[in-house]
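Reviewing the structure listed below.
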Amino acid sequence: MSTWTRTGSLARQILALQVVVVLLVVAGATALAYVDARRDADDRTAERATAVAVGLADSPTVTEALASPDPSAVLQPYAERLRRDTATDFVVVMDTDRVRYTHPTKSNIGRRFVGNVAPALAGRTFTEEYVGTLGRSIRAVTPVLADGEVVALVSVGIATDRVRREVLARIPAILVAGLGVLLLGVGGAWLISRRVRRQTHGMGGAEITRMYEYYDSVLHAVREGIVLLDRDDRVQLLNDEARALLGLGAEPVGTALAGLPLPDDLVRTMTADPGAEDEIHLVGERVLVVNQSVATWEGRPLGRVVTLRDHTRLREVAAELDTVKGLTESLRAQNHEASNRLHTVVSLIETGRPQDAVVFATRELELAQRLTDEVVAAVDEPVLAALLLGKTAQASERGIDLQVSPDTHVSAVAISSREVVTILGNLIDNAMDAVHDADRRLVVVRVESDDLGFDATVEDSGPGITQEYRDKAFERGWSTKRADDGSRRGLGLALVGQAVRRHGGSVVVRESDLGGARFDVSIELVAGP
Numbered sequence: 000m001s002t003w004t005r006t007g008s009l010a011r012q013i014l015a016l017q018v019v020v021v022l023l024v025v026a027g028a029t030a031l032a033y034v035d036a037r038r039d040a041d042d043r044t045a046e047r048a049t050a051v052a053v054g055l056a057d058s059p060t061v062t063e064a065l066a067s068p069d070p071s072a073v074l075q076p077y078a079e080r081l082r083r084d085t086a087t088d089f090v091v092v093m094d095t096d097r098v099r100y101t102h103p104t105k106s107n108i109g110r111r112f113v114g115n116v117a118p119a120l121a122g123r124t125f126t127e128e129y130v131g132t133l134g135r136s137i138r139a140v141t142p143v144l145a146d147g148e149v150v151a152l153v154s155v156g157i158a159t160d161r162v163r164r165e166v167l168a169r170i171p172a173i174l175v176a177g178l179g180v181l182l183l184g185v186g187g188a189w190l191i192s193r194r195v196r197r198q199t200h201g202m203g204g205a206e207i208t209r210m211y212e213y214y215d216s217v218l219h220a221v222r223e224g225i226v227l228l229d230r231d232d233r234v235q236l237l238n239d240e241a242r243a244l245l246g247l248g249a250e251p252v253g254t255a256l257a258g259l260p261l262p263d264d265l266v267r268t269m270t271a272d273p274g275a276e277d278e279i280h281l282v283g284e285r286v287l288v289v290n291q292s293v294a295t296w297e298g299r300p301l302g303r304v305v306t307l308r309d310h311t312r313l314r315e316v317a318a319e320l321d322t323v324k325g326l327t328e329s330l331r332a333q334n335h336e337a338s339n340r341l342h343t344v345v346s347l348i349e350t351g352r353p354q355d356a357v358v359f360a361t362r363e364l365e366l367a368q369r370l371t372d373e374v375v376a377a378v379d380e381p382v383l384a385a386l387l388l389g390k391t392a393q394a395s396e397r398g399i400d401l402q403v404s405p406d407t408h409v410s411a412v413a414i415s416s417r418e419v420v421t422i423l424g425n426l427i428d429n430a431m432d433a434v435h436d437a438d439r440r441l442v443v444v445r446v447e448s449d450d451l452g453f454d455a456t457v458e459d460s461g462p463g464i465t466q467e468y469r470d471k472a473f474e475r476g477w478s479t480k481r482a483d484d485g486s487r488r489g490l491g492l493a494l495v496g497q498a499v500r501r502h503g504g505s506v507v508v509r510e511s512d513l514g515g516a517r518f519d520v521s522i523e524l525v526a527g528p
């Protein structure tokens with residue numbers, strides 16, 4: 000990974016952003032704490048000044064001194080002692096004309112008080128911050144009452160400089176608390192960034208966006224179905240092709256694979272250990288090739304990757320090709336037999352027995368021609384006629400008597416020739432395999448077809464299919480025979496069932512009069528333009 004990508008990883012960006020946010024929050028909280036501490040200090044100062052002023056105004060000493068000829072003589076020492084005891088900056092007693100009786104600076108005694116006293120003259124106690132002769136202070140002014148009338152005023156003040164010094168003394172504690180919060184915030188941001196870095200593998204935001212856009216485009220553009228499963232076999236991702244191939248309508252992401260409407264054998268393949276390679280499955284009307292492997296990251300299993308390829312058309316073409324190849328092999332064998340017969344005829348002539356040569360050649364020609372004439376006369380469809388002739392020749396080579404029923408009549412084929420090859424070719428192959436080890440090797444085929452329907456019957460003299468397994472005969476993987484590698488085959492009859500169901504037809508298995516199995520196919524089509 001490039002250096003710029005690591006430097007600009009999403010985790011680092013988140014860490015830097017979180018650190019900036021934490022710094023701003025801590026700085027804001029510290030500033031608010033300072034403002035709050037200052038406001039609390041002002042409120043406490045105002046309350047203390049008010050308490051001292053009200054206490055002094057209610058003192059009998061003040062009332063008695065105000066009635067004396069020289070109130071300052073008694074009030075000045077009393078006010079100064081009270082000022083020192085209460086740690087205030089001034090205690091002023093004045094008359095209703097604001098003329099001072101007391102003051103910390105004796106030269107100000109007899110002068111007028113500087114400040115607002117109107118509320119106190121109205122009988123109310125109030126506080127204010129004001130710049131007086133001693134500088135800015137927080138002061139409380141309260142009336143002195145006698146018989147319900149205001150006879151004097153008391154003002155007690157504390158300099159704001161002292162209040163600010165008290166607030167400044169608390170700043171180190173506020174900063175320590177803010178630093179602690181900052182460290183906790185940065186530590187938490189670092190832990191979060193570590194988790195994000197593990198989950199994003201150190202990639203940057205632009206790289207993640209680009210990767211998502213490209214990967215999403217690729218997943219939806221490929222013509223191969225892709226399904227991603229987690230370790231609990233739940234679907235985590237599937238592309239459009241996989242949704243179409245599996246016939247899934249609702250959004251299956253997050254759903255357990257076993258809970259989806261899929262064939263059991265497909266589910267087993269998608270979750271098998273070890274992974275499957277090129278397995279054939281029938282899903283609905285499709286033939287799918289399934290591959291599955293375990294997805295890992297740095298040696299740790301993440302889940303499974305399943306790929307799906309649609310081989311429906313390929314299988315149909317392959318079945319038709321197999322028929323053509325069988326016909327070719329039959330023609331080659333017949334050519335070899337014809338060569339042998341020709342040598343026999345020549346030898347009979349050379350030995351002076353021409354009459355026997357004519358009889359021999361005529362008899363062999365009549366047999367071959369009669370079969371061809373019967374099939375061509377009954378089947379007015381070249382592909383189906385070729386299929387029956389080819390299968391007949393193939394059966395002859397294997398020592399099997401394949402007979403085309405006299406009831407066979409084909410004026411037209413309502414389904415495609417490819418589907419005819421799929422249905423009839425697989426049924427005949429299945430019947431020939433069934434009689435391979437039987438004492439009597441007989442297969443009978445009957446076909447009736449026109450523009451409105453297709454009916455076919457294939458029966459054999461083999462061991463048959465028991466009632467228990469007749470319903471399973473058209474399931475993928477069910478077979479009475481084994482492949483060359485020992486694995487189950489069971490795809491031919493499944494393809495037959497698929498092709499018949501595609502046209503709304505039916506295929507039924509029953510016991511044959513020949514002693515083996517009988518397969519009846521019936522497809523009826525609605526007449527159209």
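In numbering that gives the first Met the number 0, the protein residues as written are 0 to 528. Backbone N, C-alpha and C define an ideal beta-carbon position, used for all residues, glycine too.
By the Cβ-count criterion, residue 466 is exposed, with fewer than 16 other Cβ atoms from all chains shown falling within 10 Å of its own Cβ. Between the region 42-58 and the region 119-132, the count of Cβ pairs shorter than 8 Å is three or higher; the stretches touch. Using a 10 angstroms sphere on the CB of residue 350, the tally of other CB atoms stays under 16, which defines it as exposed. Approximately 5 Å separates the beta-carbon atoms of residue 402 and residue 443; this is inside 8 Å, confirming the contact. Taking a contact as a CB-CB distance under 8 Å, the pair residue 380 and residue 409 counts as one, their CB atoms being some 5 Å apart. Collapsing the DSSP output to three states places residue 387 in a helix. Comparing alpha-carbon positions, the option among 453, 452, 508 lying closest to residue 470 turns out to be 508.
Taking 9 Å as the cut-off, the beta carbon of residue 385 is found no closer than this to the beta carbon of residue 423. For residue 168, the closest of 40, 393, 129, 194 by C-alpha to C-alpha distance is 40. Within the model, the alpha-carbon separation for residue 191 versus residue 295 is close to 25 Å. Excluding its 5 nearest sequence neighbours in each direction, residue 275 has C-beta neighbours in its own chain below 7 Å: 268, 289, 290, 291, listed in chain order. When the Cα atoms are used, residue 301 and residue 188 turn out to be separated by approximately 28 Å. For residue 63, the enclosing alpha helix (DSSP H) has its first and last residue at 59-65.
Unbroken beta strand (DSSP E) stretches of 3 residues or longer found wholly inside the region 34-109: 89-93, given in chain order. Residue burial is scored here from C-beta neighbours: residue 425 has at least 16 other C-beta atoms within 10 angstroms and is therefore classed as buried. By the Cβ-count criterion, residue 104 is exposed, with fewer than 16 other Cβ atoms from all chains shown falling within 10 Å of its own Cβ. At a Cβ-Cβ threshold of 9 Å, residue 252 and residue 237 count as neighbours.
Residue 140 is not a Cβ neighbour of residue 95, given a cutoff of 9 Å. Where residue 416 is concerned, there is no enclosing beta strand (DSSP E), although the alpha helix (DSSP H) around it starts and stops at 416-419. By the criterion of a C-beta distance shorter than 7 Å, residue 107 is surrounded in its chain by 99, 132, once the five residues flanking it on both sides are discounted. Note: residue 260 is not bridge-paired with any residue in the DSSP secondary-structure output. In the three-state scheme derived from DSSP, where H, G and I count as helix and E and B as strand, residue 279 is classed as strand. Sequence-distant Cβ neighbours of residue 452 in its own chain, meaning closer than 7 Å and more than five residues away, are 413, 522, 523, 524. Residue 158 sits close to residue 88, with the two beta carbons spaced by under 9 Å. From the listed residues 272, 286, 506, 435, the smallest Cα separation to residue 243 is found for 286. Among the bridge pairs identified by DSSP, residue 408 is matched with 447. A distance of 9 Å or more separates the beta carbons of residue 462 and residue 430.
Taking the Cα positions, residue 256 is about 20 Å away from residue 309.
Here residue 305 is not near residue 427, since their CB atoms are 9 Å or more apart. Residue 436 has no beta-bridge partner at all, per DSSP. Nearest neighbour of residue 501 by Cα position, chosen from 415, 179, 439, 165, turns out to be 415.
Of the residues assessed, residue 278 falls on the buried side of the cut-off, its CB having 16 or more other CB atoms within 10 angstroms. Nearest in C-alpha terms to residue 142, of all of 111, 93, 183, 179, is 93. Across the set 137, 419, 258, 293, the C-alpha of 293 shows the shortest separation from the C-alpha of residue 271. Judged by DSSP in its simplified three-state form, residue 353 adopts helix. Here DSSP, grouped into helix, strand and coil, assigns residue 455 to strand.
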